[in-house]
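The structure appears right after this line, and notes come after that.
Number of protein chains: 4
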Amino acid sequence: MAGNTFGQIFRITTFGESHGPGIGVVIDGCPAGISVDIDVIQKELDRRKPGQSRVTTQRKEEDQAIIQSGVFEGQSTGMPISIYIKNKDQKSKDYSHIADTYRPSHADMVYDKKYGIRDYRGGGRSSARETAARVAAGAIAKMILNQSGIEIHAGVTQVGHIKLDKNISDINWAETENNIIRCPDGETAKKMEDYIMEVKKDGDTIGGVISCHIVNVPVGLGEPVFDKLHADLAKAMLSINAVKGFEYGSGFSSVSMRGSEHNDSWENIDGQLTTKTNYSGGIQGGISNGMPIYFNVAFKPVATIMKDQASVNSEGEASTVSGKGRHDPCVVPRAVPIVEAMAALVIVDHLLRMRVNR
Amino acid sequence: MAGNTFGQIFRITTFGESHGPGIGVVIDGCPAGISVDIDVIQKELDRRKPGQSRVTTQRKEEDQAIIQSGVFEGQSTGMPISIYIKNKDQKSKDYSHIADTYRPSHADMVYDKKYGIRDYRGGGRSSARETAARVAAGAIAKMILNQSGIEIHAGVTQVGHIKLDKNISDINWAETENNIIRCPDGETAKKMEDYIMEVKKDGDTIGGVISCHIVNVPVGLGEPVFDKLHADLAKAMLSINAVKGFEYGSGFSSVSMRGSEHNDSWENIDGQLTTKTNYSGGIQGGISNGMPIYFNVAFKPVATIMKDQASVNSEGEASTVSGKGRHDPCVVPRAVPIVEAMAALVIVDHLLRMRVNR
Amino acid sequence: MAGNTFGQIFRITTFGESHGPGIGVVIDGCPAGISVDIDVIQKELDRRKPGQSRVTTQRKEEDQAIIQSGVFEGQSTGMPISIYIKNKDQKSKDYSHIADTYRPSHADMVYDKKYGIRDYRGGGRSSARETAARVAAGAIAKMILNQSGIEIHAGVTQVGHIKLDKNISDINWAETENNIIRCPDGETAKKMEDYIMEVKKDGDTIGGVISCHIVNVPVGLGEPVFDKLHADLAKAMLSINAVKGFEYGSGFSSVSMRGSEHNDSWENIDGQLTTKTNYSGGIQGGISNGMPIYFNVAFKPVATIMKDQASVNSEGEASTVSGKGRHDPCVVPRAVPIVEAMAALVIVDHLLRMRVNR
Amino acid sequence: MAGNTFGQIFRITTFGESHGPGIGVVIDGCPAGISVDIDVIQKELDRRKPGQSRVTTQRKEEDQAIIQSGVFEGQSTGMPISIYIKNKDQKSKDYSHIADTYRPSHADMVYDKKYGIRDYRGGGRSSARETAARVAAGAIAKMILNQSGIEIHAGVTQVGHIKLDKNISDINWAETENNIIRCPDGETAKKMEDYIMEVKKDGDTIGGVISCHIVNVPVGLGEPVFDKLHADLAKAMLSINAVKGFEYGSGFSSVSMRGSEHNDSWENIDGQLTTKTNYSGGIQGGISNGMPIYFNVAFKPVATIMKDQASVNSEGEASTVSGKGRHDPCVVPRAVPIVEAMAALVIVDHLLRMRVNR
């Protein structure tokens, strides 16, 4: 049973390989009457596209979104919305050298063994290019959330050992798009940029962390007992290429805290139930409690490096993977819109699911 | 759309509240011909049950599993397997004081607002008691995995600041059941036990980490692009009460690593493809690669403490939650079988899903 | 992938075999705040139970429903509702003679070959006893529908060659429960009863038709393009044991009609859009149009007859199936509440699905 | 919750409106390693396309299928297969006159009320044009079935009152494509053709029946208790535009049969279990028994007629729907490949589902 569909009510199915004719997404379950702005979709795709700055791959892709169905006179009709993005810069020859070789920490071997056949060009379906389809769908999810006043902000808070030294609630998310790192702090961004360029010079790559902050979420999103809101967020994030970890609220740091310290006391602020602290990360028992939701996503260093690596080919023979092509030295700047898109898909899905609770 | 079902092919639905007549699970999709041993189910339930040691709650529950369907003459028939566990030690009066009060960091408020009605006795459905049903289902999943030689071991590797100082591959999992902490190292377990007792004396609680290690997994489990094996594991773990974070393989530590260091080189060892290192945690591109799978799960401190806490009631008035009842000072010792059960459910589901890949 | 779950939002999973400890159903997705009356559930089960009249099997089953979860102080809580019915009159010895024999037109052979194991006692899971669980779930669905004013009426309109000679819109459904046939016309019922008794005397069985009529359905139920309201009704009906056909609105008779005759003209009656005729059966393009929905369901004669039949056993050897036991000469009188239950499940599911359309 | 997805393991999602840029389908769950022949897909689409004969609409559509993903070097890769068909002959002006009018027995009104917005051009998504996407997906399903030797044949067996007078097992399906009616009997086809032309001359339309016959189906397809093979076939057929009824095996005629007459006796023919008669239609207890599967599908007369009809517009005012455009006088000749496609989708889905039974 294949796994290219995400969501229960707002349900997306992505398709397409990095070097086939194109990639796309079908959204089934978008409510009717949503104003769909193709320019907003395009803007989100541009945030993800390669070649946008010196810290990203130099491949150029236009990633132009075309809506093929489900929108009539600027509004969603309740019918499936299909969005298609043609592949343009497909230098297939770049990949011929890896047809038989299993690159370290790539999906080459497992696809070969699982399916007995593999579209090896550029990683095929395992390429992060697939996430462009998610970003397009996420843009529509955001349009729905905006109608409810819900805002999602993600930003880079760590690159290698360089960490943004700020409490999540003190971050000024408006800063995120002011630098090419997408770190919501200019000064830290500069340090991160310098570090990435240093790593790049070495032909190497580096990991990072993206933090996400969601405000104005109504009470009640999330479904006991398996589809807890944070469980679905975790799955969404871990489904993004190169992600290795997820924590929400106090996360891993809660491990060494005591209950008396960690518990978020209730307060009635002018008729509004709030908590003094927010270690819960806006979610209790898997259900949003109205406080800001926040979480961290850990990204490993990109596996494609500009150095020769010893490996094995599909015949089991020793071979060398040489460092060719154009790749990101650090994936997090371009992954910020992807994190936001996946978060938006989860939130909008649960927003719709909540409608049938009572 | 409710969320009490987990899995795609091996699909479980749990039901029941902590203080209703009982809890249970229906497994739909268990293949026919599996030998089902009720004693093994019972043994797993006993690992999870309250009152088993001085570091757990002193509530006594027998948690006796009854198979109601789907097993004939000791074998699964391919029909739904229903397992039921009667609630016995239901001191409902213990909970009357919280009928109107929103306990800090509990699900009281969100259930009230979401559903407009709440079975407040002992947390009702939001109680960790629900996980007994998962453990019962997980026991059957393990029976299937054992037939394939797949082994799942979980153990406590951190309590508060006390951390097991061992590489995951060096852990002797056979040690786990030799102490009441379920830490796979006797010496560390002793320190953890002392610490938990100290915390308990304070009427407080403490968090912890459970690590899980899965071996003999065949190549090919996990479905691109959303149902990556680790994405489903993440969701499974985050769906467990009190879990705040998940990381697999190198996890959050990968963030500060370079690609040249993090990449797992392929080797051909006597015809077997293996990797020199295993930062990938046995999963590449979301698909198992045959190497050991491992991950960490962060648990927050239990929210119920034996201290008075300021809170708010359902009318929005200030109120006090007094520390009564019998609860766990640290949840991780009893959560070990739950982590194993959820892992087993994910692995068996993907094992079955793999059958239709080609 | 097993098939014991029905519905998308109001989702039921049934379990249990005819001669195991009991049967049951878990309803996931019942909205919170529904008044749940156990007596109403019991009343529906009593309409379905064996031994209720001389035209049904003489087996006695009490079929007492127990609610195990999801209802608190008489109201649904939004949590899974589990209903359990113990098996009482399990004369397992009655079935020992068929352990190895494949009864004609039963599921014995196919279960054996499909699963390699079979709970042969009374047909196990393939027994129509399973439908009691559906009736219990359908009773809760009806409680929700009643709140919306939607009414579902089914009745027997044909037994063998004896047909109720009335237009569907002229039927007085209140008559249905006034006779043991559940034919909404006393005179025809008497003829049907005489005929069934005649067939029974021969040790034989006979087929029949149940018609169903649903009124006060709002405009908009049904989802293009696959989950058309009538497509889901068709599946629901065909999933009932012994059903061989389904038609809605004009049904098979539409085949020889011309478009000019068959088209339902729109009329504006005091601001209410209605159609002059209703060949559409209240559904257009798969979506309810506010007019009465009606359909027919064809039931074959029960396969268990009181005559010896030549057959083959599991070894492929010729054998004789002797006519023993207590069975229905005609299934339709007891199937009326089953048809209503399945219809209610479909309608309530689509009523909830409609909430996320716009 | 929208309904544009069909199938559990071999799962298709269709998208696109009749007068938008195009229509398409994404197939998720096609096993890897299937030889995919674009010409075969095209051939099936050509059987469905308008303008192919004098008994069909004179609209010309090329319906050229383009594979956008999931096929590499002629083989399926296990990744989603996306097939796209551009709309060509979109005379949108033809439909401007119905923007505000509710055509009798069309989906205009219900779409308007359900979604509050409607792509009125040519029926938008409710147009039978959507079924081209199903035919494309069904062609791939057939490729898989052919590998297993399973053959699906459908043909027109009734048009208006003209009925093919043959037992289903005596039909020579090879005849179906020899006439423009797709009736598997030349003589009857001629009568049907004459009758359709007569109806067409009147500016009217007529209904019909398509019968379907499936051979070489292995024992074991179909899942108790809801996803019975015939229940899924019923849903599949009723999801096709203009279908009003479904019956399998003895169908509605079983109603007046006795059990002793209707039961299919088992025979051991050279080690092969077969039944003397096949009133069961190859399915028992919802599971295929190896005998031929057969069923009938009733189609109503097409709602678009070349006559003026009184109706109501979206304002509730009386209006006239004038008979314009180019439409089919009888839908069944072009619906034959659609019935086959939907049947193929059901069979292949259950063929894959069977792999996880034991």
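Residue numbers (the numbering used here), protein chains in the order written: chain B, 77 to 434; chain X, 77 to 434; chain C, 77 to 434; chain S, 77 to 434. Yeah, the Cβ is synthetic: ideal placement off N, Cα and C, and Gly gets one too.
At a Cβ cut of 8 Å, what residues of the stretch 144-166 of chain S count as close to chain X, listed as they run along the chain? 154, 155
Does the Cβ-Cβ distance between residue 440 of chain C and residue 226 of chain C come in under 8 Å? No answer is possible for residue 440 of chain C: it lies beyond the span of chain C, which begins at 77 and ends at 434.
Bridge partners - residue 439 of chain C, DSSP secondary structure assignment: In the structure displayed, chain C extends from 77 to 434; residue 439 of chain C sits before or after that span and is not available.
Neighbouring residues, chain X, relative to residue 93 of chain C (Cβ below 9 Å): 145, 146, 148, 153, 155
Apart from the five residues on each side of it in sequence, which residues of its chain come closer than 7 Å, Cβ to Cβ, to residue 132 of chain X? 126, 404, 409, 410
7 Å CB neighbourhood of residue 376 of chain S in its chain, flanking five on each side removed: 283, 318, 320
Under 8 Å, Cβ to Cβ, is there at least one residue of chain B near residue 363 of chain C? no
Starting from residue 369 of chain S, find everything on chain C with Cβ-Cβ shorter than 7 Å and list it in chain order. The premise fails here: residue 369 of chain S is roughly 13 Å from chain C at the closest Cβ pair, so nothing lies under 7 Å.
In the DSSP assignment, find the unbroken beta strand (DSSP E) run with residue 290 of chain C in it and report its ends. 284-291
Let me see if you follow: with CB-CB separation under 8 Å, is residue 310 of chain X close to chain B or not? yes
Counterpart residues of residue 227 of chain C in DSSP-defined beta bridges: C:291
Go ahead and pull the three-state DSSP assignment for residue 222 of chain S. helix
Under a CB-based cut-off of 8 Å, is residue 196 of chain X close to chain B? No, its Cβ sits nowhere closer than 8 Å to a Cβ of chain B.
Can you give me the C-alpha to C-alpha distance between residue 396 of chain S and residue 244 of chain C, rounded to a whole angstrom? Straight-line spacing of the CA atoms in residue 396 of chain S and residue 244 of chain C works out to 29 Å.
Cβ pair residue 424 of chain S, residue 159 of chain S closer than 8 Å: no
What three-state label does DSSP hand residue 86 of chain S in the structure shown? Taken through DSSP and simplified to helix, strand or coil, residue 86 of chain S comes out as coil.
C-beta neighbour in chain C for residue 275 of chain X, strict 8 Å: no
For residue 324 of chain X, write down the residues that DSSP places opposite it in a beta bridge. X:371
Proximal residues to residue 108 of chain C (C-beta, below 6 Å), its chain only, five neighbours per side dropped: 152, 153, 154
With distances taken between CB atoms, is the gap from residue 164 of chain B to residue 315 of chain X smaller than 8 Å? no
Any beta-carbon of chain B closer than 8 Å to the one on residue 233 of chain X? no
First and last residue of the alpha helix (DSSP H) that includes residue 108 of chain X? Element bounds for residue 108 of chain X: n/a, residue is neither H nor E.
I need the DSSP call for residue 191 of chain B, collapsed to helix, strand or coil. helix
Considering only their Cβ atoms, is the gap separating residue 286 of chain C from residue 406 of chain C smaller than 8 Å? Cβ distance not < 8 Å, so residue 406 of chain C and residue 286 of chain C don't count as in contact.
Residue from X:112, X:113, X:402, X:121 whose Cα sits closest to the Cα of residue 276 of chain X: X:402
Would you mind sorting residue 130 of chain C into buried or exposed? The rule is 16 or more other CB atoms within 10 Å of its CB. exposed
Hey, could you find the ends of the alpha helix (DSSP H) residue 117 of chain B is sitting in? Residue 117 of chain B: member of the alpha helix (DSSP H) spanning 114-124, first to last residue.
Does the stretch 291-309 of chain X come within contact of the stretch 345-364 of chain B, defined as at least 3 CB pairs closer than 8 Å? no
Can you find a C-beta in chain S that's less than 8 Å from the C-beta of residue 126 of chain B? no
C-beta atoms of residue 381 of chain S and residue 325 of chain C nearer than 8 Å: no
Distance between residue 211 of chain X and residue 124 of chain X (C-alpha atoms, nearest Å): 8 Å
When the Cβ atoms of the stretch 141-152 of chain X are set against those of the stretch 98-113 of chain X, are three or more pairs found closer than 8 Å? yes
For residue 218 of chain C, is the classification buried or exposed, using 16 other Cβ atoms within 10 angstroms of its Cβ as the cut-off for buried? buried
Going by the DSSP bridge assignment, what does residue 394 of chain B pair with across the sheet? B:388
Relative to the C-alpha of residue 348 of chain B, which residue among X:418, X:394, X:412 is closest? The shortest C-alpha separation from residue 348 of chain B is found at X:394.
Is it buried or exposed, residue 266 of chain S, if we count other Cβ atoms within 10 angstroms and call 16 or more buried? exposed
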